[in-house]
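All the letters of the sequence shown, read from the start, carry residue numbers 6 to 257 under this note's numbering.
We put the CB at the ideal spot given by N, CA and C, even for glycine.
What follows is one structure encoded as structure tokens, with my remarks underneath.
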Amino acid sequence: MSQTSKSETLIALFLPEATDYITTPGTPGPSSLSLALPTSKSPFVLGLQASAREHSIAINVGIHVPNAEGSKVLNRSIWIDERGDIVGSYDKLHLFDYAAAGLRESDGVEAGREIGTPVESVVGRIGLLICFDLRFPEPALALRKRNAQILTYPSAFTVPTGKLHWEILLRARAIETQSYVVAAAQVGSHNEKRTSYGHSMVIDPQGRVVLDMGEEGEEGGRLGVVGIDLEMVGVTRERMPLVRRTDVYPEL
Numbered sequence: 006m007s008q009t010s011k012s013e014t015l016i017a018l019f020l021p022e023a024t025d026y027i028t029t030p031g032t033p034g035p036s037s038l039s040l041a042l043p044t045s046k047s048p049f050v051l052g053l054q055a056s057a058r059e060h061s062i063a064i065n066v067g068i069h070v071p072n073a074e075g076s077k078v079l080n081r082s083i084w085i086d087e088r089g090d091i092v093g094s095y096d097k098l099h100l101f102d103y104a105a106a107g108l109r110e111s112d113g114v115e116a117g118r119e120i121g122t123p124v125e126s127v128v129g130r131i132g133l134l135i136c137f138d139l140r141f142p143e144p145a146l147a148l149r150k151r152n153a154q155i156l157t158y159p160s161a162f163t164v165p166t167g168k169l170h171w172e173i174l175l176r177a178r179a180i181e182t183q184s185y186v187v188a189a190a191q192v193g194s195h196n197e198k199r200t201s202y203g204h205s206m207v208i209d210p211q212g213r214v215v216l217d218m219g220e221e222g223e224e225g226g227r228l229g230v231v232g233i234d235l236e237m238v239g240v241t242r243e244r245m246p247l248v249r250r251t252d253v254y255p256e257l
């Protein structure tokens with residue numbers, strides 16, 4: 006998905022979680038840890054940085070990097086600015102252990118330890134989150150308190166959970182933070198055990214769906230282009246002030 010200015014010049018590209026690769030334990034192929042590389046040595050990341058620099062476009066992408074001990078990977082979202090520099094990164098806090106689908110992310114992934122500060126970008130102030138973080142309002146609210154205008158959730162939702170909750174959760178996070186939500190999502194079959202729901206979406210600060218890329222065979226695999234109006238963020242927050250009663254309940 007790409008964000009455009011009013012002149013329709015592409016200024017930012019949003020890619021899904023695990024854009025570099027997807028592995029599933031118990032299926033043929035190399036392990037995630039054997040494929041993960043530091044960003045400074047990853048041909049995939051270096052290629053994106055070169056493309057960002059060449060085309061003067063910012064890129065948000067989900068990748069894997071090895072942890073400090075080399076024992077697990079980190080599920081990371083990075084922000085590459087229009088000069089090709091990595092100026093923001095976030096490691097997924099909430100790992101997806103879902104027995105019904107035979108998925109246990111924590112077996113090979115180390116959980117992140119902090120939410121981080123929104124990234125100042127050509128698009129606006131970006132709050133970086135990932136996939137399963139979507140089910141928890143606290144990180145989104147914390148980023149909103151830090152003046153994020155746009156929340157990103159690069160994702161690889163399963164089909165069963167996607168059908169039930171994907172759109173509802175995205176709209177909820179947008180409404181409660183009065184922010185844009187951009188969720189670039191994996192789509193289709195990865196192997197015999199893993200299929201992603203798709204439906205890459207953009208939600209505006211009032212909770213309206215402004216882009217839905219659909220499932221595989223619909224809009225899947227195509228580029229969706231939207232314009233983001235930061236004035237709407239300010240107007241929404243001004244007209245619907247959310248005054249929290251922190252004298253009654255704890256502040257997040």
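Around Lys168, the same chain offers Tyr202 as residues with beta carbons nearer than 8 Å, after the five sequence neighbours per side are excluded. Just measuring C-alpha positions, the residue of Leu51, Val238, Ile173 sitting nearest Val214 is Ile173.
Annotated as proximal: Ala147 and Ile120, with beta-carbon spacing under 8 Å. Residue state for Ala177 is assigned as helix, using DSSP reduced to three classes. Taken through DSSP and simplified to helix, strand or coil, Ala63 comes out as strand.
Excluding residues up to 5 positions away in sequence, Met6, Asn65, Val187, Ala189 lie with their Cβ nearer than 6 Å to the Cβ of Phe19 in the same chain. Here the alpha carbon of Ser61 sits roughly 21 Å from the alpha carbon of Gly132. Looking at the DSSP output, Asp217 shares a beta bridge with Met206.
With a 10 Å radius around the Cβ and a threshold of 16 neighbouring Cβ atoms, Asn80 comes out buried. In the structure shown, Arg109 falls within a strand segment according to DSSP collapsed to helix, strand and coil.
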